[in-house]
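In terms of the working numbering, the sequence shown opens at residue 62 and continues consecutively.
Even glycine gets a Cβ: it sits at the ideal position worked out from N, Cα and C.
Before any comments, here is the structure.
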Amino acid sequence: GPVSTAACLHFDLSTPLFAVQELVWRPDVISDIVQTDMRLEGGKLYSGESPGLGVELNEEAALAHPFQPGGWQMLRREDGSVSDW
Numbered sequence: 062g063p064v065s066t067a068a069c070l071h072f073d074l075s076t077p078l079f080a081v082q083e084l085v086w087r088p089d090v091i092s093d094i095v096q097t098d099m100r101l102e103g104g105k106l107y108s109g110e111s112p113g114l115g116v117e118l119n120e121e122a123a124l125a126h127p128f129q130p131g132g133w134q135m136l137r138r139e140d141g142s143v144s145d146w
């Protein structure tokens, strides 16, 4: 989510030879939940000037989007044997 993305971005910016940071950027979904001045431009994520991680979480808005477990693939079969994805 956006909080872990902000933490990863701060780590990335302090790491020599940093190259790639994966992220899911969905401002249409998270804009009411998280306020941040991080910005994504031309495939690059830029940190903002806000203190700390630069993320302010609206917990009431987050409650409107409860976690819904998906059909995650398991690495083990029902008999306990290891499986590929």
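Item	Value
Count the CB pairs spanning the region 113 to 125 and the region 86 to 101 that are closer than 8 Å, and state whether there are at least three.	yes
What do you get for residue 76, buried or exposed, if any count of 16 or more other CB atoms within 10 angstroms of its CB means buried?	exposed
List, from N- to C-terminal side, the beta strand (DSSP E) runs of 3 residues or more that fit wholly inside the region 86 to 130.	95 to 97, 100 to 102, 105 to 107 and 116 to 118
Residues in the same chain with beta-carbon distance under 8 Å from residue 107, minus the five sequence neighbours each way, listed in chain order, please.	99, 100 and 101
Consult DSSP for residue 64 and reduce its assignment to one of helix, strand or coil.	helix
How about residue 138: is its Cβ closer than 7 Å to a heavy atom in the ligand MN?	In the structure on display, the ligand MN does not appear, and there are no ligands present to speak of.
Mind checking residue 67: buried by the 16 CB within 10 Å criterion, or exposed?	buried
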